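All remarks here apply to the structure that follows.
Protein chains: 2
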Amino acid sequence: MHAEQPVRTGRAKRLPRAVRERQILDAAVDVFSRLGFHASSMDEISEVAGISKPMLYAYLGSKEELFATCIRREATRMMEAIATGVEPDQPPDVQLWSGLRAFFGFVGGNRAGWQVLHRQASSQGGPFAAELADMRGRAISLVAALLVHSSDFPNVPRAGDKEAESLAAALVGAGESLADWWLDNPEEPAGVVAARLMNLVWMGFGDLVGGNVWHPPSRRAPDTPQPGAES
Amino acid sequence: MHAEQPVRTGRAKRLPRAVRERQILDAAVDVFSRLGFHASSMDEISEVAGISKPMLYAYLGSKEELFATCIRREATRMMEAIATGVEPDQPPDVQLWSGLRAFFGFVGGNRAGWQVLHRQASSQGGPFAAELADMRGRAISLVAALLVHSSDFPNVPRAGDKEAESLAAALVGAGESLADWWLDNPEEPAGVVAARLMNLVWMGFGDLVGGNVWHPPSRRAPDTPQPGAES
DNA sequence: TCCGCTACCTACTCGCAGGTAAGACTACTG
DNA sequence: CAGTAGTCTTACCTGCGAGTAGGTAGCGGA
Chain V
0 MHAEQPVRTG RAKRLPRAVR ERQILDAAVD VFSRLGFHAS SMDEISEVAG
50 ISKPMLYAYL GSKEELFATC IRREATRMME AIATGVEPDQ PPDVQLWSGL
100 RAFFGFVGGN RAGWQVLHRQ ASSQGGPFAA ELADMRGRAI SLVAALLVHS
150 SDFPNVPRAG DKEAESLAAA LVGAGESLAD WWLDNPEEPA GVVAARLMNL
200 VWMGFGDLVG GNVWHPPSRR APDTPQPGAE S
Chain L
0 MHAEQPVRTG RAKRLPRAVR ERQILDAAVD VFSRLGFHAS SMDEISEVAG
50 ISKPMLYAYL GSKEELFATC IRREATRMME AIATGVEPDQ PPDVQLWSGL
100 RAFFGFVGGN RAGWQVLHRQ ASSQGGPFAA ELADMRGRAI SLVAALLVHS
150 SDFPNVPRAG DKEAESLAAA LVGAGESLAD WWLDNPEEPA GVVAARLMNL
200 VWMGFGDLVG GNVWHPPSRR APDTPQPGAE S
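Protein sequences appear in the order of chains V and L. Take the first sequence: its letters are residues 0 to 230, numbered as in numbering that gives the first Met the number 0. Take the second sequence: its letters are residues 0 to 230, numbered as in numbering that gives the first Met the number 0.
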């Protein structure tokens, strides 16, 4: 799970600041994800990072600043992964599908990052949750734009945008929760989890219990869920 | 939000143990929900409860035991609220609808309880998360049974149960997330939030962008979302 | 009215973890 | 070979909060 550095003795090798900072952030994400914000000690983080505590403070400031930096880094990585994965000229369901695959692919390849980003950040109050809320807001806007663009909401005359936005919030929330659930049930590959959510939000239970499933255009038989990216 | 006791001076009124324990748990849920587990001090909880710290230890044991007791109490309350709200002889969509209304009704009336139950418990590791996972497991089983009972899953020959269970997990997760989202956007009434999730999971985006919405049987016109229970 | 029990308190101990002071080692530059 | 800038360390201070020792006050029973 987390790479176990051999116990450090004596002085660490001299490295340029940028490299050290990356190492420290990696270590911090690892420790925060395993222990949570409060239970993580700066001593432990510095030990995992292979340096001594004052380096932490010299480079990353206080514990809270360090945590915020972790959150920002992981949030940025995730949004970039999604933005890279989605194909803007496709029909809406395919865009949604590729977005979901990118999202679950990222989570699968960055369990620790997702853990600290979502679970930890949301449980600490104040600026951390705000940081997270900002990222979620961007994701919601993305989905909402997709929905609004893809069709009108004929039955909700004036509130179309708000309606779309809150549906998008529900979807994003479902994705976050399913990702959390996946952390505890890691045996399934990313594509299967993504396909499940895709079916749920695109088809709905009403269709699914009737046997209608969504499937990507022209690839496989309708009844096999898309394997997709591996965990 | 939380009832502000006047600053206590001198000795508290003598009360039977059961009553004190309830007071203490109320105070603990309040403080835990606002500050989180680690940031909450036993001093603060005892102060809010209107008693002195040794009483906490005498009645509720250690801080961890106190927290676990809070979680269990809130979890039990929530499952009871849902079980009471659902009507077993109705068709599946109506059962789901009433379950969702009961759930969001509970959360709306117990913001602090939900906060500590979900956000706090899930972010602390170990036994607390396990406690929560147990409750979630029961909720998932409930929904999965509903799905399996309501119809076959024709396209997934042998894995029907597992498929249903993981869809149920996604739904429960969506509900949890939407409830969290609702904590930060509390202006909407419970019924509207419940109706949104109902539409999402029952109809799916595929229908919704086409203008098809779900509505409770024989109450209103199909195009108005159900206002439902008030916050 | 005295006993004993339960509710309740003040006033501590003590370890842990965030944060820092002050200096030592390395490498580059002239 | 100085001088300087940046890297890195040991060894400490300090406050906060979990948990406790030991004692006081009200109440019910005989």
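From the three backbone atoms N, C-alpha and C, an ideal C-beta is built for every residue, glycine too. Just so we're clear, the structure is a prediction, and the values are computed from it rather than from any experiment.
Output the distance between the C-alpha atoms of residue i and residue j, rounded to the nearest integer angstrom.
i: ALA27(V); j: SER51(V); result: 13 Å
i: LEU24(L); j: MET202(L); result: 41 Å
i: LEU145(L); j: PRO91(L); result: 6 Å
i: GLY84(L); j: LEU95(L); result: 10 Å
i: ALA67(L); j: ALA168(V); result: 31 Å
i: VAL18(L); j: ARG100(L); result: 31 Å
i: TYR56(L); j: VAL171(L); result: 35 Å
i: ASN198(L); j: SER45(V); result: 49 Å
i: GLY98(V); j: ALA82(V); result: 8 Å
i: GLU187(V); j: ASP179(V); result: 13 Å
i: SER165(V); j: GLY9(L); result: 50 Å
i: GLU130(L); j: ARG16(V); result: 43 Å
i: LEU207(L); j: LEU196(V); result: 16 Å
i: TRP181(V); j: ARG135(L); result: 14 Å
i: VAL93(L); j: ALA194(L); result: 12 Å
i: TRP113(V); j: HIS214(L); result: 36 Å
i: GLY125(L); j: ALA132(L); result: 11 Å
i: ARG60(L); j: LEU141(L); result: Note that residue 60(L) is Gly in the sequence shown, not Arg. Whole-angstrom Cα-Cα distance: 33 Å.
i: PRO185(L); j: PRO53(V); result: 43 Å
i: HIS37(V); j: LYS62(V); result: 10 Å
i: PHE103(V); j: ALA128(L); result: 22 Å
i: ARG270(V); j: MET78(V); result: An answer regarding residue 270(V) cannot be provided, because it is not within the stretch 0 to 230 covered by chain V.
i: ASP183(L); j: ALA74(L); result: 21 Å
i: GLN22(L); j: GLN22(V); result: 47 Å
My understanding is that residue i touches residue j, with C-beta atoms under 8 Å, so please give their C-beta distance in whole angstroms.
i: GLY35(L); j: GLN89(V); result: Contact doesn't hold; Cβ gap of about 42 Å is too wide.
i: ILE70(L); j: LEU116(L); result: 6 Å
i: SER121(V); j: GLU175(L); result: The pair is not a contact, with the Cβ atoms about 11 Å apart (cut-off 8 Å).
i: SER39(V); j: ALA111(V); result: Actually they are not in contact, since the Cβ atoms of SER39(V) and ALA111(V) sit about 12 Å apart, beyond 8 Å.
i: ALA163(V); j: ALA143(V); result: 5 Å
i: PHE204(V); j: VAL200(L); result: 6 Å
Leaving out five residues before and five after residue i in sequence, what residues of the same chain have Cβ atoms less than 7 Å from its Cβ?
i: VAL30(L); result: SER39, GLU43, ILE44 and VAL47
i: PRO160(V); result: The amino acid occupying residue 160(V) in the given sequence is Asp; Pro does not appear at that position. Excluding sequence neighbours, ASP160(V) sits near VAL147.
i: GLU64(V); result: none
i: ARG72(L); result: LEU24
i: ALA11(V); result: GLY49 and ILE50
i: ARG118(L); result: ASP179
i: MET41(L); result: LYS52, LEU55 and LYS62
Suppose the cutoff is 6 Å on Cβ atoms and the five residues either side in sequence are ignored; what does the same chain contact list for residue i look like?
i: GLU20(V); result: TYR58
i: ALA80(L); result: ALA101 and PHE105
i: ILE139(L); result: ALA167, ALA168 and VAL171
i: PRO156(V); result: Caution applies to PRO156(V), whose pLDDT of 41 falls short of 50 and renders its modelled position unreliable; the value that the coordinates give is listed next. Around PRO156(V): no qualifying Cβ.
i: ALA158(L); result: Confidence at ALA158(L) is low in this model, with a pLDDT of 44, below 50, so the placement of that residue should be treated as unreliable; the coordinate-derived value is given next. Cβ within range, chain order: n/a, list empty.
In its own chain, which residues sit with a C-beta less than 8 Å from the C-beta of residue i, not counting the 5 before and 5 after it?
i: ARG76(V); result: PHE105, ASN109 and GLY112
i: GLU86(L); result: VAL93, GLN94 and SER97
Cβ-based contacts, 8 Å cut-off: residues of the stretch 124–139 of chain L near chain V
Within the stretch 124–139 of chain L, the residues whose Cβ lies closer than 8 Å to any Cβ of chain V are, in chain order, GLY124 and ALA132.
Going along the stretch 28–60 of chain V in order, which residues come within less than 9 Å of chain L, judged by CB to CB distance?
Cβ contacts with chain L: ARG33, LEU34, GLY35, PHE36, HIS37 and ALA38.
Which residues, in chain order, does the stretch 183–215 of chain L contribute to contact with chain V at a C-beta distance below 9 Å?
The stretch 183–215 of chain L vs chain V, Cβ under 9 Å: ASP183, ASN184, GLU187, VAL191, VAL192, ARG195, LEU196, ASN198, LEU199, VAL200, TRP201, MET202, GLY203, PHE204, GLY205, ASP206, LEU207, VAL208, GLY209, GLY210, ASN211, VAL212 and TRP213.
Selection of the stretch 93–117 of chain V by Cβ proximity to chain L, strictly under 8 Å
Within the stretch 93–117 of chain V, the residues whose Cβ lies closer than 8 Å to some Cβ of chain L are LEU95, listed in chain order.
Using a Cβ-Cβ cutoff of 9 Å, what residues of the stretch 80–91 of chain V are near chain L? List them in chain order.
Listed by position, the residues of the stretch 80–91 of chain V near chain L (Cβ gap below 9 Å) are PRO91.
Taking a cut of 9 Å between CB atoms, which residues from the stretch 166–177 of chain L lie near chain V?
Listed by position, the residues of the stretch 166–177 of chain L near chain V (Cβ gap below 9 Å) are LEU166, ALA168, ALA169, LEU170, VAL171, GLY172, ALA173, GLY174, GLU175, SER176 and LEU177.
Residues of the stretch 7–22 of chain L with Cβ closer than 8 Å to any Cβ of chain V, in chain order:
Listed in sequence order: no entries.
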